[in-house]
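Everything below concerns the one structure shown next.
Next up, the structure:
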């Protein structure tokens, strides 16, 4: 008989859902990237401010479930002060966390409260919700990289 999965709605997740950090309406044209999940209707638009080669602000506009909102909120906090390469590495690490990949002890300590999403391993349908903001982050970083190349070009 299979053990029941742990409740995915941890206190940390619910705190970020109830009081999302860095969430605000984004005027048309301000978003660098948009992602949606057509199966459940979740949608996120994201913008980034960079200074001195690091993220100095990540804001988003989201319509979604508790999992996607909490994921966006935690993501917006953890990427602050990170370079694009570090932000991409965190996105890959988060994906491993929620899909069941191996996470070292050092990586676990780096993730902090985001470890709350480890419970999504037992809820495949919720994984897409958790990953939605991180896919938008990767798109936004690609957009910024392309703009930088065009300006140099």
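In my numbering, the protein residues as written are -12 to 140. C-beta: ideal position from N, C-alpha, C; glycine also.
So which of the options has the shortest CA-CA distance to residue i?
i           : options              : result
residue 18  : 99, 138, 137 and 124 : 124
residue 142 : 133, 122, 130 and 69 : With the chain covering -12 to 140 only, the question about residue 142 has no answer from this structure.
residue 122 : 15, 12, 77 and 0     : 77
In the DSSP output, what is residue i paired with across the bridge?
i          : result
residue 32 : 21 and 48
Locate the alpha helix (DSSP H) running through residue i, then write down its first and last residues.
i          : result
residue 71 : 71 to 86
residue 14 : Taken as a continuous stretch (DSSP letters only), residue 14 belongs to no alpha helix (DSSP H), as it is neither H nor E.
residue 64 : 53 to 65
residue 2  : -2 to 5
Does the distance from the C-beta atom of residue i to that of residue j stay below 8 Å?
i           : j           : result
residue 56  : residue 7   : yes
residue 194 : residue 46  : As displayed, the chain neither begins before -12 nor continues past 140, which places residue 194 out of reach and without an answer.
residue 87  : residue 108 : yes
Run the CB neighbour count on residue i, radius 10 Å, all protein chains shown included, and call it buried at 16 or more, exposed below.
i           : result
residue 106 : buried
residue 120 : buried
residue 134 : exposed
residue 59  : buried
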